[in-house]
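Input: a single structure, listed below in structure tokens.
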Amino acid sequence: MSETTYSIKEVSEQVGWSIHMLRYYEKEGLLPPIARDDKGYRCYSEANLGLILFLERLRMTGMGISQMRVYVQLYQDRHIDEKALLPERIKLLRDHRESVLAQIDVLRHNLEAIEYKIELYETELEELENHGEPQTT
């Protein structure tokens, strides 16, 4: 029984990346060399797809390409010495988690300011609808 593979078009549709972006990630070393069929077309494995989906999460949370490249290298080299490389992957992801948590705090603070303004403007609208004078600017 052979492993399920996906064309570049199928991966593009599943992940939401353009074909150009998939090729770019491969060229930049963010993806391992993708297997090819007898016609030379890329054949993405389940493992490739899983890595791409995780890289998308890292990208969406602000991890830069250089950091992603380090993660991918540590991931690809795991067969060399998993015991030595696993702590490095953990540290990289923990550091990134801290960055994401800081982003969330900033977003939460900004959301509070937006919610405050909404409440202020809703109060102003109520006053205007009741023929009163607005109290804010």
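The sequence shown lines up with residues 6 to 142 when you count with our numbering.
By construction, the Cβ of each residue, glycine as well, lies at the ideal position given by its N, Cα and C atoms.
In terms of CA proximity to Ala107, Gly67 leads the group Arg41, Lys14, Gly67, Gly45. Assignment of Tyr49 by DSSP, reduced to helix, strand and coil, places it in the strand class. Out of Glu8, Arg28, Thr9, the CA that lies nearest to the CA of Ser17 is found in Arg28. Secondary structure note for Lys44: it is in no alpha helix (DSSP H), with a DSSP letter that is neither H nor E.
Between the region 48-55 and the region 74-91 there are fewer than three inter-stretch CB-CB distances shorter than 8 Å, so the stretches are not counted as touching. Looking from the CA of Leu79, the closest CA among Gly69, Arg62, Leu97 belongs to Leu97. The continuous alpha helix (DSSP H) containing Tyr126 extends over residues 83-134.
Burial check for Asn115: the Cβ neighbour count within 10 Å stays below 16, so the residue is exposed. Here the alpha carbon of His25 sits roughly 10 Å from the alpha carbon of Lys32.
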